[in-house]
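Each protein sequence line maps, in turn, to chains A and B. Residue numbers in the first sequence follow my numbering, run continuously in steps of one, and reach 153 at the last position. Residue numbers in the second sequence follow my numbering, run continuously in steps of one, and reach 277 at the last position. Please read the structure below before turning to the comments.
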Amino acid sequence: MDVKLINPFINATINVLETMAFINVNAGTPYLKKENVAVGDVTGVLGLTGVANGTISVTFEEKCILTIVSNMLGETVKEINYEIADAVGELTNMISGQARRELGEMGKVFKAAIPSVIAGKNHSIIHYTTGPKIAIPFGTENGNFTIEVCFER
Amino acid sequence: MDTSIRVLVVDDFATMRRILKNILKQLDFKNLVEADDGTTAWDVLEDQSIDLIISDWNMPKMSGIDLLKKVRASDKYKKTPFLMVTAEAQKQNVIEAVQAGVSNYVVKPFTAEAIFEKLDKILK
Numbered sequence: 001m002d003v004k005l006i007n008p009f010i011n012a013t014i015n016v017l018e019t020m021a022f023i024n025v026n027a028g029t030p031y032l033k034k035e036n037v038a039v040g041d042v043t044g045v046l047g048l049t050g051v052a053n054g055t056i057s058v059t060f061e062e063k064c065i066l067t068i069v070s071n072m073l074g075e076t077v078k079e080i081n082y083e084i085a086d087a088v089g090e091l092t093n094m095i096s097g098q099a100r101r102e103l104g105e106m107g108k109v110f111k112a113a114i115p116s117v118i119a120g121k122n123h124s125i126i127h128y129t130t131g132p133k134i135a136i137p138f139g140t141e142n143g144n145f146t147i148e149v150c151f152e153r
Numbered sequence: 154m155d156t157s158i159r160v161l162v163v164d165d166f167a168t169m170r171r172i173l174k175n176i177l178k179q180l181d182f183k184n185l186v187e188a189d190d191g192t193t194a195w196d197v198l199e200d201q202s203i204d205l206i207i208s209d210w211n212m213p214k215m216s217g218i219d220l221l222k223k224v225r226a227s228d229k230y231k232k233t234p235f236l237m238v239t240a241e242a243q244k245q246n247v248i249e250a251v252q253a254g255v256s257n258y259v260v261k262p263f264t265a266e267a268i269f270e271k272l273d274k275i276l277k
């Protein structure tokens, strides 16, 4: 997978979370993920079409997403519930939108579907494309989250 | 800015509707109505008298761009201020919205200041 396709997702994630949730995030080193089990407790996933087909997912640890959503809404949310799932969907949507803007400036135009959200310990994410699955870990003061990007070969 | 006007906030994500309503309340708007997609929004627009529409783009059943076109084709709302607030950030999306008659466009993620700035321009 072309590494130039990864940076827009890193930049988008930092921008979205700093702007909407007022938190600083640190991107770790991307790695090739082999297993399907999500690295966290709740995941937003959406499909991309255009110059290539693919999927992206954003998986949050519980403590991390509770802090993020509490910051976004200006009130404390204490458990993963419908509100959290909704917020994860919107965060996935925004990250996708920003990444697609930067990819578009590189001449790679994508459209995105409306996201879906999966919650629960040890849930799996199955990316229905043939390409490698690249995971980008992020750290915050209140836990971690991971973006997975998978484009067809 | 006249903050007594009735504002319709349209987004399929409840989180986003809440964030926008919180910002509008900070700006002293009190008369707020919401809808979770273009179809529901159109029902509200037919039933009530709305002075400002703030809408997302990507929504099920009827998208924000289709809502915009429907609004601009109606006698009742052809001149009503319409602010698109969306994650669709590519140039061709903005062009399409402008051609469809959008009053202004905000890309997600956004700050409260960005919303205020755009509203200030379109409500003058």
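A virtual CB, placed ideally from N, CA and C, is assigned to each residue, including glycine. None of these values were measured; they are calculated from a predicted model.
Across the structure, MET215(B) and ILE134(A) are spaced so that their CA atoms are roughly 34 Å apart. With distances taken between CA atoms, LYS121(A) lies nearest to THR59(A) out of GLU90(A), THR59(A), ILE23(A). If you check the CB distance, THR29(A) and THR264(B) do not come in under 8 Å. In the three-state scheme derived from DSSP, where H, G and I count as helix and E and B as strand, THR140(A) is classed as strand. Using a Cβ-Cβ cut-off of 8 Å, ASN184(B) does not count as an interface residue toward chain A, since no Cβ of chain A sits closer than that to its own. Contact between the stretch 4 to 23 of chain A and the stretch 74 to 86 of chain A is absent: fewer than three C-beta pairs spanning the two stretches fall below 8 Å.
Here VAL251(B) is exposed. Its C-beta has fewer than 16 other C-beta atoms within 10 Å. DSSP, read as helix, strand or coil, puts ALA112(A) in strand. Remark: three or more beta-carbon pairs, one from each stretch, lie closer than 8 Å, so the stretch 218 to 233 of chain B and the stretch 201 to 208 of chain B are flagged as touching. Among the residues of chain B, those whose CB is under 8 Å from the CB of THR19(A) are PRO262, PHE263, THR264, following chain order. Proximity of ALA188(B) to chain A, defined by a Cβ-Cβ separation below 8 Å, is not satisfied.
When secondary structure is reduced to three states using DSSP, ALA226(B) falls in the helix class. Here DSSP, grouped into helix, strand and coil, assigns MET106(A) to coil. Under the three-state reduction of DSSP output, ILE158(B) falls in the coil class, being neither helix nor strand. Within chain A, the C-beta atoms nearer than 8 Å to that of ARG171(B) come from LEU73, in chain order. Within the model, the alpha-carbon separation for ARG153(A) versus ALA52(A) is close to 8 Å.
Short of 7 Å from the beta carbon of VAL255(B), and not among the five residues preceding or following it, lie these beta carbons of its own chain, in chain order: LEU221, PHE235, MET237.
Chain-order list of chain A residues neighbouring ASN257(B): empty, with the shortest C-beta distance near 17 Å, by a criterion of under 8 Å. The residue among ASP181(B), LYS274(B), ASP165(B) with its C-alpha nearest the C-alpha of ASP189(B) is ASP165(B). Beta-bridge partners of VAL39(A) (DSSP): none assigned.
For GLU187(B), the enclosing beta strand (DSSP E) starts and ends at 184 to 188. When secondary structure is reduced to three states using DSSP, MET94(A) falls in the helix class. Judged by pairs of C-beta atoms under 8 Å, the stretch 8 to 23 of chain A touches the stretch 95 to 113 of chain A, as three or more such pairs exist. In chain order, ILE114 make up the part of chain A whose C-beta sits under 8 Å from the C-beta of PRO213(B). For GLY54(A), the uninterrupted beta strand (DSSP E) run begins and ends at 54 to 60, by DSSP. For GLU90(A), the number of other beta carbons within 10 angstroms of its own is at least 16, and it is reported as buried. Taking the C-beta atoms as reference points, PRO137(A) is found no nearer than 8 Å to LEU32(A).
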